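Working notes, structure below.
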Amino acid sequence: MRPLLLVTLAAATVAQTVTVDVTKAVRERYEAFPYPAVKEGTDEGDIPSEYHWLSLKQLSQYNYGGTRDDFTGFKVLIAGCGTGGAVVGMAHVLRPWKGAFVTALDLSAPSVATTRARLERFGFVEKEHFALHAMSLLDVAAVTAEPYDLILSTGVLHHLENPLAGLRALEGVLAPDGAMALMIYGAVGRSAVYELQHLFRDELRADGDDDASMLAKVKAFDENLPPTNHFKRTTYPRPFATLPDEELVDLLLHPRDRAYSVRALYDELIDPAGLELRAWAPEVRYKLGAPLPPGLGALDRRTREAVNEPGPQNAFLAVMVRLIDGHRDVQTLVARAWAGAGVPGPRSCPMRDKLARARPARAAFAPTDLVTLKAGAAPRT
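Under mature numbering (1 follows the signal peptide of the UniProt record, and there is no 0), read the sequence shown as residues -19 to -1, 1 to 362, first letter to last.
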């Protein structure tokens, strides 16, 4: 079986870009709202550290058993490059290796133009370090002269009319010993997102509404959402106005996306494509730590993973964790987190007590945690 290096079922509200079959509405959406938005100052100075989300040592560990340390001539495809963050990062990682090359594609021509400008800003030369194409990933074979050693596709397949066709198109240009790293929406983790998508698409959208008018409705509606709302409570407690328009469009107004459970991912994508799943990211979410009581038997790998599929995180907890500084006590942090969302802090103590007993390994979660390969042996059944 061909290796599927890494899969993330993302519960996060932020995805990379989207590439679909040539659907006019979707193409126009991403031409009008290139995604993700490039924050002012992002490309000032050195290449930002958040671009460095995949190390060659991690790639060697997962796909080559830790034996590969020469990446001369290494070929990478980024299928759905968006505004170029991953392309810049991978070009930087491969720069020391002669003949290493990054090819990237996206359905949105403005996104491709932004990617090119950012690469040139950091001194990368087209045709020497990279090639860019404004096209659907379904047509990738037309621009592939030789197979790719690594294919990265973040937040793309779940927007296709036929995700399996997209996965097979990528598999068709993968080198025999190559690997793919994918981020695909998780059904459990995005449950709150789909509640709002349904509301805006099926209940609040009028025939004459375009994206601009729907954005206005989204922001106006947000002003009346209570903190107990599923989306506010688990996904994003802050006002929608704090999100870039591009992100709101992608998150709540997208015309087509779907999400997978662990079992559906195997049944509908991995197995039909003849791929082998090497690792999840992060792995710990899909492991059953405690053994089953005697007499209940053992769980196979897929069952363990399905049982541990992550749901939406508690947004207040995530905010609180980012406030940890080694000085303030947990009760203060909880109060600050709730106050930051504009609601009074909880009166009860169980949450505070649980947090007090926890010992986080670090003070903050990086935005790339969902797509970072973890060092160590690949999981085995």
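Ideal placement from N, C-alpha and C gives every residue a C-beta, glycine not left out.
In this text, all values refer to a predicted model and were calculated from it rather than measured experimentally.
Could you name the residues that DSSP lists as bridge partners for residue i?
i      : result
ILE251 : Paired residue(s): none; ILE251 is not in a bridge.
PHE111 : VAL83 and GLU107
THR135 : MET164
ALA60  : LEU86
TYR241 : GLY167
LEU155 : TYR129
Cα separation between residue i and residue j?
i      : j      : result
MET332 : PHE105 : With a pLDDT of only 46 at MET332, under 50, the local geometry of the prediction cannot be trusted, and the value read off the model is given with reservation. If I take the Cα positions, the gap works out to 49 Å.
ASP252 : VAL57  : 24 Å
TYR217 : GLY80  : 43 Å
LEU148 : VAL243 : 16 Å
GLY326 : PRO77  : Note that GLY326 scores a pLDDT of 47, beneath 50, so its modelled location is shaky and nothing firm can be said.
ASP226 : GLY70  : 24 Å
LEU86  : SER117 : 7 Å
LEU100 : GLY65  : 8 Å
GLU109 : PHE82  : 7 Å
VAL74  : VAL169 : 34 Å
GLY63  : PHE14  : 11 Å
LEU185 : GLU257 : 42 Å
ALA222 : ALA94  : 27 Å
GLY127 : ALA98  : Correcting the residue identity first, residue 127 is Glu in this sequence and not Gly. The alpha-carbon atoms of GLU127 and ALA98 are separated by roughly 26 Å.
LEU206 : THR96  : 36 Å
TYR166 : GLU249 : 14 Å
THR209 : ARG283 : 34 Å
ALA201 : HIS179 : 17 Å
TYR247 : THR313 : 44 Å
GLU142 : ARG237 : 8 Å
ALA115 : ALA123 : 12 Å
LEU155 : ILE132 : 7 Å
VAL261 : GLY189 : The sequence as given places Trp at residue 261; Val does not occur at that position. For TRP261 and GLY189, the distance between alpha carbons rounds to 43 Å.
VAL68  : ALA60  : 10 Å
GLU107 : PHE55  : 16 Å
PRO275 : GLY46  : 35 Å
LEU234 : ARG182 : 7 Å
ASP51  : ALA187 : 57 Å
GLU31  : GLN39  : Only weak support is given to the placement of GLU31: the predicted model assigns it a pLDDT of 48, under 50, and the question is left unresolved by the model.
ARG219 : MET161 : 34 Å
Skipping 5 residues on each side, what residues in its chain have a beta carbon closer than 8 Å to that of residue i?
i      : result
THR48  : SER41
GLY292 : ALA(-9), VAL169, GLY170, SER172 and THR215
LEU224 : TYR217 and LEU232
ALA245 : ALA168
Let me confirm a value: residue i is counted as buried when at least 16 other C-beta atoms fall within 10 Å, else exposed. Which label applies?
i      : result
THR53  : exposed
ASN44  : buried
ARG259 : buried
VAL121 : buried
ARG340 : Summary for ARG340: the model assigns pLDDT 35, below 50, so the residue's position carries little reliability; its value from the coordinates is reported in the next sentence. Burial call: exposed.
ASP130 : buried
SER89  : buried
ALA72  : buried
ASP203 : buried
GLY159 : buried
VAL19  : buried
Can you list, in chain order, the residues of its chain whose CB lies under 6 Å from that of residue i, leaving out five sequence neighbours each side?
i      : result
ALA112 : THR84
ARG102 : ASP24
Can you name, in chain order, every residue of its own chain whose Cβ lies under 7 Å from the Cβ of residue i, other than the five neighbours on each side?
i      : result
PRO157 : none
ALA254 : LEU145, LEU148, ARG149 and GLU152
ALA240 : HIS139, TYR166, GLY167, ALA168 and ARG171
LEU229 : LEU196, VAL199 and PHE221
THR125 : VAL154
HIS211 : ALA173 and GLU176
LEU119 : ASP2, ALA146, GLY147 and ALA150
ASP334 : With a pLDDT of only 46 at ASP334, under the threshold of 50, the placement of this residue in the model should not be trusted; the figure read from the coordinates follows. Same-chain partners within the cutoff: there are none.
Decide yes or no for the touch test of the region 134 to 152 against the region 184 to 199: beta carbon pairs closer than 8 Å, at least 3 of them.
Taking one beta carbon from each stretch, the region 134 to 152 and the region 184 to 199 have fewer than 3 pairs nearer than 8 Å; the two do not touch.
With contact counted as at least three CB pairs below 8 Å, one residue from each stretch, are the region 171 to 190 and the region 209 to 224 in contact?
yes
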